[in-house]
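With this note's numbering as the guide, the letters of the sequence shown map in order to residues -11 to 215.
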Amino acid sequence: MKIILFAAAIILLVSACGQNQGQKEETADTKKAVTTEVKAEEPVAEQPVEAVKHEYLSQDLATFDLYGKVESVNYDKGEHTLPVCVQFDTNGKVTSIVRTDSGGNKENAQILYDGSDKIETILFESDDPWINVLTYRDGEGFQAPITYTTTNQMGNYTEVTYQRDSSGIVTGIQREESIHFALVEDNDPYTIELSDFDRMGNWLLCTKKWGEYTFVIKRTISYYQQD
-11 MKIILFAAAI ILLVSACGQN QGQKEETADT KKAVTTEVKA EEPVAEQPVE
39 AVKHEYLSQD LATFDLYGKV ESVNYDKGEH TLPVCVQFDT NGKVTSIVRT
89 DSGGNKENAQ ILYDGSDKIE TILFESDDPW INVLTYRDGE GFQAPITYTT
139 TNQMGNYTEV TYQRDSSGIV TGIQREESIH FALVEDNDPY TIELSDFDRM
189 GNWLLCTKKW GEYTFVIKRT ISYYQQD
């Protein structure tokens, strides 16, 4: 199994969708801007990934860090958050982002795009005034987000920024959190491990470590049949 210390913006996006604000699951009582170095291990022979060309097929698939003709991806973060399902059409465009509560009630997210047809804002009405904002680097081609912010637009936010080298590989993570317009300190290390890659090279398991806390996100991915 290949393990990569890496930061995918959508991991944080799904962590926030359906999360109760103010827990130390992503709490805010001890934080400051923290930079974490991210390094990738060498791949091992047993990684079950076929000879796949690792390039995104659409901008929306890039936003969710997905390779191949994905039909849907389900995120499950355990008992502290609600499961989220993202659906795509055959062109790789998001058709819906839905989360389901413990009673089986479903809520559709509102999705707003920027002027370059990239997903900029994702919000659930029940989270109001909290929204999720994504930003991207300048340049051509399909891009994964470089900054993810969860904010109530009133001086409270968590922002994670990813440093990348010239090849686009993530080399560091900077995390910043504010409460009532004031940064709060946190010296705990923060890392993300991606593992259990499928045949298309998509990760299925994410282990996020923040100080003494560990959180696990599982992805289940469905693909359109290949022509």
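The C-beta atom is built at its ideal place from N, Cα and C for all residues, glycine as well. Just so you know, these numbers come straight off a predicted model, no measurement behind them.
Worksheet entry | Segments of 4+ residues assigned as alpha helix (DSSP H) that fall wholly inside the stretch 29 to 117 | The qualifying runs are 47 to 51.
Fill in: Straight-line Cα distance separating V61 from S210
Between the C-alpha atoms of S210 and V61 there is a straight-line separation of about 6 Å.
Discussion item. Going by DSSP in three states, I134 sits in which element: helix, strand or coil?
Written reply: Here I134 sits in coil by DSSP.
Discussion item. Please state the DSSP three-state secondary structure of V121.
Written reply: V121 falls in the strand class under three-state DSSP.
Discussion item. If I follow the unbroken beta strand (DSSP E) through F203, where does it start and stop?
Written reply: Note, F203: beta strand (DSSP E), 201 to 211.
Discussion item. I'd like to confirm the pairing. Which residues does DSSP put opposite T159 in its beta bridges?
Written reply: BP columns for T159 are empty, so no partner.
Fill in: Cβ-based neighbour list, N140, same chain, cut-off 7 Å, excluding 5 preceding and 5 following
Answer for N140: P117, W118, listed in chain order.
Discussion item. Quick check on this structure: which residue in V121, D89, Y150 has the alpha carbon closest to the alpha carbon of S114?
Written reply: Of the candidates V121, D89, Y150, the one whose C-alpha sits nearest the C-alpha of S114 is D89.
Worksheet entry | Assigned secondary structure, L192 (DSSP; H/G/I helix, E/B strand, else coil) | Correct three-state label for L192: coil.
Discussion item. Helix, strand or coil, according to DSSP, for Q141 in the structure here?
Written reply: The answer is coil: DSSP assigns Q141 none of H, G, I, E or B.
Worksheet item: Shortest alpha-carbon distance to N79 belongs to which of E200, E95, K57?
Response: For N79, the closest C-alpha among the options E200, E95, K57 is that of K57.
Item to complete: Express the C-alpha separation of T123 and A132 in angstroms, rounding to a whole number.
Response: A132 and T123 have their C-alpha atoms some 9 Å from each other.
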